[in-house]
Every structure is written in C-alpha cells, then in structure tokens.
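Peer 1: Take the first sequence: its letters are residues 2 to 437, numbered as in the working numbering.
Think of the CB as a built atom: it goes at the ideal place given N, C-alpha and C, for glycine as much as any other residue.
For clarity, every value in this text was computed on a predicted model and none was experimentally measured.
Please see the structure below; I have some questions.
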Amino acid sequence: MLDINIVRNDIEKVKQAVFNKNEKANLDSLLEIDSKRKALLIECDDLRNKRNVTSKKISKLKSKKQDASSEIQEMKGVSDNIKQLEVNIKALTDELESILLNIPNIPASDVPVGKDPTSNVMVKTWGKRKEFSFTPLPHWEIGKELDILDFERAAKISGAGFTLYKGAGARLERALYNFMLDLHSQEHGYTELFPPYLVNRSSMTGTGQLPKLEEDMYRIPEDDLFLIPTAEVPVTNIHSNEVLSAKELPLHYAACTACFRREAGSHGKDTRGMLRVHQFNKVELVKLVRPETSYDELESLLSVSEKVLQLLGLEYQVLKLCTGDLSFAAAKCYDIEVWSSGVNKFLEVSSCSNFEDFQARRSNIRFRDDDGKIKHVHTLNGSGVALPRTMIAIIENYQREDGTVEIPEVLRPYMNGLEVINKRKKSSQRIISFFS
RNA sequence: GGAGGGAUGGCUGAGCGGUUGAAAGCGCUGGUUUCGAAAACCAGUUGAGGAGAAAUCUUCACGCGAGUUCGAAUCUCGCUCCCUCCGCCA
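Next up, the structure:
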C-alpha cells in the first residue's frame with residue numbers, strides 16, 4: 002500500500018508508475034473521495050468536540066443536582082448528526098482503502114521502463130554451458146526411465162500439474178532442501194523457520210497477493226483460509242502489527258515450504274514435466290530491514306541465492322526486471338534463471354525483490370528508530386531457491402549418455418553418499434545403512 | 001465438539017456509566033546528587049488522524065465489530081484469540 006500522502010502530493014508520479022507496471026488504478030476518484038472524506042471528518046470532529054464538552058457540563062450539573070434536560074435534548078440531535086456523519090465517513094474510508102489496496106508499488110528509480118520481459122536487463126551470467134556428445138533428454142523422459150518421477154500417477158491421484166517423486170527422486174528433493182536450508186542457516190546466518198501452510202485473509206492482503214490475485218490462490222471457503230503460494234506470506238507476516246526495536250533489525254529468515262498455485266492464468270503453458278506445477282517446494286528467504294539498508298540487503302539476498310546454484314554447479318543468468326514485468330508489490334526485482342539442457346532453455350528459479358515499505362504498510366510492521374520515531378520497515382524476499390526447476394536442471398544437466406544421472410558433489414552427503422542415480426536397480430538405491 | 005474463565009499502555013495490574021487516555025508498581029529516558037557508579041529524589045515516558053507557519057488546539061483507539069445512552073474501558077449482542085476442565089484424535 003502506498004502512503005496516501007504520496008498520492009496526494011505527487012499523483013503524476015503514481016500515475017506514471019501504474020502505467021509503467023501495466024496496471025490500472027482509480028487515482029482521480031481517490032483524490033476526490035479523499036477530500037470529501039476530509040471535509041466530513043472535520044465536521045464530525047467539531048460535533049464530537051461539542052458533545053464531549055457538553056457531556057462534561059451535564060455531568061457537572063447532575064452532580065450538583067441541577068437540571069440538564071435542555072443540554073440532553075440538544076445532545077440528542079448532535080448525536081444523531083454524528084452517527085449519520087460516521088456512516089458516511091465509513092463508506093468513504095472503505096472505498097478509499099479498497100482503491101489504495103489496488104494501487105501497485107512504485108518501481109525504484111533504476112528499474113528499466115518496459116512493457117514486457119523483452120525489456121528486462123541481463124545483469125550477469127555464471128557458469129559454463131554443459132556440452133553433450135549426445136542429444137540431452139528432457140527431465141520427464143529421464144525421470145520416467147529411471148523411475149524417479151511419475152507424472153501419470155500424480156495426475157491420477159490429484160490431476161494435471163502435480164508431481165510424484167519416487168525413490169532416489171524423492172531423496173534428491175529432500176537432499177536439495179536440506180542442503181539449501183543448511184547453507185542459509187549455517188553459512189549465511191538466516192534463522193530457519195517452519196511456518197503454517199494455511200494463512201488467513203489478512204496475511205494474504207498484507208503481502209499483496211490479495212485482493213488482486215485471489216483467483217490464483219487455493220482457498221478453503223469454510224474457514225476463509227488460503228494455501229500459501231510462497232513462504233513469503235506467513236514469514237513476512239510474522240511481525241504484522243508489531244513495533245520492532247531498531248536493534249533487532251535486520252531480521253533474516255529462511256523457510257522451506259510447499260507452495261500452492263492454481264496457475265489460473267497460464268493454462269496450456271509449460272505443461273510438460275514439472276516446469277509449472279500446482280504444488281512445489283521452495284526455500285524462501287525473507288528480510289525485514291531498516292529502510293536505508295534495503296537496497297544493500299537486496300544485493301546480498303541475490304548473492305546468497307546465487308550461491309546455491311554455484312555450489313550445485315548450475316549455469317545461470319541474472320535479470321533485472323523491467324517495470325512491466327515487476328510484480329504488483331515489488332519496487333525492484335532480480336530474477337535468477339538456471340540453464341537446463343533437456344528443455345533447452347533458462348528456467349526461473351528465484352525472484353529477489355525489495356518491496357520497500359509497501360508490504361510493511363499493509364501488514365503494519367514497524368520499528369522504533371534511534372531517534373524514537375516509529376517507522377515502517379522495508380521487506381524483501383527471494384527464493385533460495387525453488388525446487389522443481391532446480392531439480393530439472395540437475396537431472397538434465399547431469400544426465401549421462403547411459404541414461405544415468407550424476408549427483409552434484411555438494412548433495413552427496415545428503416544422499417547418503419550416492420554418486421549416481423542408476424536405472425533398473427530398486428528405487429531405494431540401497432547404500433550403506435547408517436541405522437545399523 | 002461440550003462447560004467455564006479471561007483479553008486494559010513496554011510489562012504486572014486497578015478501574016461505582018460522567019474531568020480515566022486511563023491509578024499504582026516495574027521498566028525505560030532525562031535531570032539533581034556523586035570522583036564515578038549504585039541508591040535516593042524530581043521530571044518525562046501509547047499510537048493513529050485532522051487544523052495551524054509555529055506555539056498549540058482537536059478527534060479516535062482499553063482484543064475486533066455492532067448496539068443501548070446526552071455520555072461506554074465500564075451495560076447488551078456477535079466474532080476472534082488465550083487459559084482451565086471434559087470428550088475425540090494424528
């Protein structure tokens with residue numbers, strides 16, 4: 002949510018931002034409602050003041066056992082007036098808030114202006130393209146052959162767009178998120194969390210998924226709860242309606258959760274394999290920081306996410322998103338895309354965003370600064386990283402001509418020493434037991 | 001799911017429907033004192049709006065939302081959350 006004062010004082014800037022983000026907002030009527038509301042508020046305040054003053058007078062008269070009936074008569078009228086005004090003000094306030102909740106965040110000044118992803122700017126690339134002496138296969142073929150991914154049966158039990166990991170595939174998934182969580186919590190100093198997967202409407206509104214994206218969310222209508230589309234939602238909202246002390250900042254959190262997305266707007270896109278699924282695991286990093294540090298924090302957030310891919314030996318590129326590709330709540334965002342040899346393209350595995358105070362204002366997350374003033378924190382988050390596409394890249398980039406898949410070295414300790422996923426053998430890939 | 005109890009400022013905790021935005025204590029901040037510190041004493045210490053150049057004035061908020069009343073932290077109703085007991089259960 003924007004500070005309404007920015008809209009009042011610099012509406013052109015807001016209009017430009019809305020336009021650049023390919024969004025729509027009812028800005029002119031916002032100002033109109035705002036001034037109408039303010040006028041009523043002043044009128045109402047005057048009447049309330051009158052009521053307060055007279056009530057005290059009535060109290061005094063009564064305590065002296067004097068007659069106050071004329072004052073009481075007068076106040077009856079005043080109270081009725083106030084009530085009517087309050088009803089009108091409430092209606093305007095609701096309208097104002099609903100418009101305000103639908104205005105997107107303003108892009109940072111160094112974000113390139115552009116309509117669509119073609120205007121995104123390449124910031125860096127890392128790693129060398131894997132070369133193959135054969136034509137690399139896509140992960141759904143490798144996965145089927147090795148019996149580690151089963152899309153048909155996933156569709157049978159749930160529907161299209163779900164994944165069933167089996168044997169070494171399931172183990173690889175577990176190895177991946179354990180590796181990522183250990184890296185972030187032990188090497189990068191993030192506090193590991195395990196939050197609820199169901200959150201209420203207010204949390205979803207706080208981080209900006211609602212009201213705009215309700216149709217993309219899975220919802221439990223009986224309880225008005227939502228399945229989280231990302232750990233960003235529960236984790237950012239941990240501190241909603243709190244005033245943090247300056248010395249607890251910055252807060253750095255890491256959480257691995259399942260993420261649930263209806264993908265309502267993307268039917269028929271990336272339907273093969275697990276390029277785009279309704280449920281997937283993701284390690285998410287969330288930061289609550291002092292405003293003046295948030296852009297430095299964004300850079301370090303990006304670098305710890307990159308670290309994951311570097312250690313896995315996966316080629317990637319980093320893009321700075323243009324205004325038109327920026328999400329509703331973000332002020333600035335980097336996407337990390339990992340190269341995958343089978344599908345032969347770059348896959349987005351992370352978005353690292355600074356929301357400035359946009360989410361903090363919606364969720365009411367504040368801190369007391371050293372000067373004693375209470376201010377909104379800045380919030381950031383980034384994937385560190387999303388699992389399925391990382392899994393795709395590993396399977397496809399580490400495939401070998403004989404159909405086996407090599408395990409990246411950093412994952413081997415998490416795979417109980419397994420170096421290669423072979424076909425045929427029982428999916429448990431029996432290795433030395435550490436239970437004996 | 002059933003039966004009770006509760007929700008007040010950073011914390012503990014008072015609060016007959018009428019100078020209670022809120023006692024008291026703790027904590028915190030500043031000052032006096034001290035070589036310094038502690039103690040003691042004095043003072044300050046909620047947030048969000050509005051008007052104003054400013055001093056300042058003013059409104060709202062005692063879990064949330066309605067209601068009764070000239071007037072609600074205080075009375076009524078609904079909701080949420082917490083605690084205790086019973087039942088059920090991973």
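Have a look at residue 430 and residue 336 and give me their C-alpha separation to the nearest angstrom.
Peer 2: Interpretation of residue 430 is limited by its pLDDT of 49, a score under 50 that renders its predicted location unreliable; the figure taken from the coordinates is listed afterwards. Approximately 35 Å between the Cα atoms of the pair.
Peer 1: Identify the residues that DSSP records as bridge partners of residue 340: which are they?
Peer 2: 347, per the DSSP bridge assignment.
Peer 1: Looking at C-alpha atoms only, which residue of 209, 199, 237, 203 is the closest neighbour of residue 219?
Peer 2: Closest option to residue 219, Cα to Cα, is 199.
Peer 1: For residue 56, which of 75, 43, 38 has the nearest alpha-carbon?
Peer 2: The residue with the shortest Cα to Cα distance from residue 56 is 75.
Peer 1: Just the C-alpha distance for residue 376 and residue 414, rounded to the nearest angstrom, thanks.
Peer 2: Going from the Cα of residue 376 to the Cα of residue 414 covers about 45 Å.
Peer 1: My assumption, with CB atoms under 8 Å, is that residue 364 sits in contact with residue 241. Please give the rounded CB distance.
Peer 2: 4 Å between Cβ atoms; contact.
Peer 1: Where does the unbroken alpha helix (DSSP H) through residue 257 begin, and where does it stop?
Peer 2: No alpha helix (DSSP H) holds residue 257; the beta strand (DSSP E) holding it covers 252-261.
Peer 1: To which residues of the same chain is residue 260 closer than 6 Å at the C-beta, ignoring the five residues directly before and after it?
Peer 2: Here the set comprises 230, 231, 281, 283.
Peer 1: Does the count of Cβ pairs from the segment 183-190 and the segment 77-86 closer than 8 Å reach three?
Peer 2: No: fewer than three Cβ pairs fall under 8 Å.
Peer 1: So for residue 428, helix, strand or coil by DSSP?
Peer 2: Its pLDDT being 46, under 50, residue 428 is placed unreliably by the model, and the measurement read from it follows with that caveat. Here residue 428 sits in coil by DSSP.
Peer 1: Please go through the same chain and pick out, in chain order, the residues whose beta-carbon is closer than 8 Å to the beta-carbon of residue 277, but skip the five residues on each side of it.
Peer 2: Cβ within range, chain order: 162, 264, 267, 270, 271.
Peer 1: Given a cut-off of 8 Å, decide if residue 151 and residue 173 are closer than it, judged by their beta-carbon atoms.
Peer 2: No; because the gap between Cβ atoms is not below 8 Å, this pair is not in contact.
Peer 1: Identify, in the order they occur along the chain, each residue of the same chain with its Cβ nearer than 7 Å to the Cβ of residue 45, setting aside the five sequence neighbours on each side.
Peer 2: Same-chain partners within the cutoff: 83, 86, 87, 90.
Peer 1: Just how far apart, CA to CA, sit residue 348 and residue 297?
Peer 2: The straight-line gap from Cα to Cα measures roughly 26 Å.
Peer 1: Helix, strand or coil for residue 237? Go by DSSP, reduced to three states.
Peer 2: Note: residue 237 maps to helix in three-state DSSP.
Peer 1: Taking the beta carbon of residue 2 as the centre, do at least 16 other beta carbons fall within 10 Å, making it buried, or is it exposed?
Peer 2: Classification for residue 2: buried.
Peer 1: May I ask which residues mark the beginning and end of the alpha helix (DSSP H) holding residue 296?
Peer 2: Where residue 296 is concerned, the enclosing alpha helix (DSSP H) stretches over 295-313.
Peer 1: Can you list, in chain order, the residues of its chain whose CB lies under 7 Å from that of residue 327, leaving out five sequence neighbours each side?
Peer 2: Same-chain partners within the cutoff: 22, 108, 112, 334.
Peer 1: Pull up the DSSP beta-bridge partners for residue 126, would you.
Peer 2: Paired residue(s): 318.
Peer 1: Which residue marks the beginning of the beta strand (DSSP E) containing residue 449, and which one marks its end?
Peer 2: Residue 449 lies beyond the stretch modelled for the chain, which goes from 2 to 437, so this question has no answer here.
Peer 1: Any heavy atom of the ligand MN closer than 7 Å to the Cβ of residue 66?
Peer 2: Here there are no bound small molecules, and the ligand MN is not part of this structure.
Peer 1: So what does DSSP say about residue 195, is it helix, strand or coil?
Peer 2: If DSSP states are grouped into helix, strand and coil, residue 195 belongs with coil.
Peer 1: Please report the distance separating the alpha-carbon of residue 142 from that of residue 105.
Peer 2: Distance between the alpha carbons of residue 142 and residue 105 is about 41 Å.
Peer 1: Roughly how many whole angstroms lie between the Cα atoms of residue 422 and residue 205?
Peer 2: So the two alpha carbons sit approximately 40 Å from each other.
Peer 1: Tell me which residues share the same chain as residue 252 and place their Cβ nearer than 6 Å to its Cβ, disregarding the 5 neighbours each side in the sequence.
Peer 2: Around residue 252: 289.
Peer 1: When the Cα atoms are used, what is the spatial distance from residue 420 to residue 405?
Peer 2: Distance between the alpha carbons of residue 420 and residue 405 is about 10 Å.
Peer 1: Buried or exposed: residue 36, going by 16 or more other Cβ atoms within 10 Å of its Cβ?
Peer 2: Flag for residue 36 reads exposed.
Peer 1: Going by CA-CA distance only, name the one from 390, 309, 300, 338 that's closest to residue 354.
Peer 2: Among 390, 309, 300, 338, the Cα nearest to that of residue 354 is on 300.
Peer 1: Take residue 195 and list the residues in its own chain whose beta-carbon comes closer than 7 Å to its own, dropping the five residues that flank it on each side.
Peer 2: Around residue 195: 256.
Peer 1: Kindly indicate the opening and closing residues of the beta strand (DSSP E) around residue 376.
Peer 2: That run of the beta strand (DSSP E) goes 375-377.
Peer 1: Taking the alpha carbon of residue 20 as the point to measure from, which residue in 157, 323, 155 has its own alpha carbon closest?
Peer 2: Checked all of 157, 323, 155; the closest Cα to residue 20 is 323.
Peer 1: On a CA-only basis, which of 371, 207, 110 is nearest residue 248? Give me that one, please.
Peer 2: Of the listed residues, the one whose Cα sits closest to residue 248 is 371.
Peer 1: Could you name the residues that DSSP lists as bridge partners for residue 227?
Peer 2: Beta-bridge pairing links residue 227 to 200, 220.
Peer 1: Mapping DSSP to helix, strand and coil, what is residue 94?
Peer 2: In the structure shown, residue 94 sits in a helix (DSSP, three-state: H, G or I).
Peer 1: Do residue 144 and residue 168 have their CB atoms nearer than 8 Å?
Peer 2: Contact flag unset, no.
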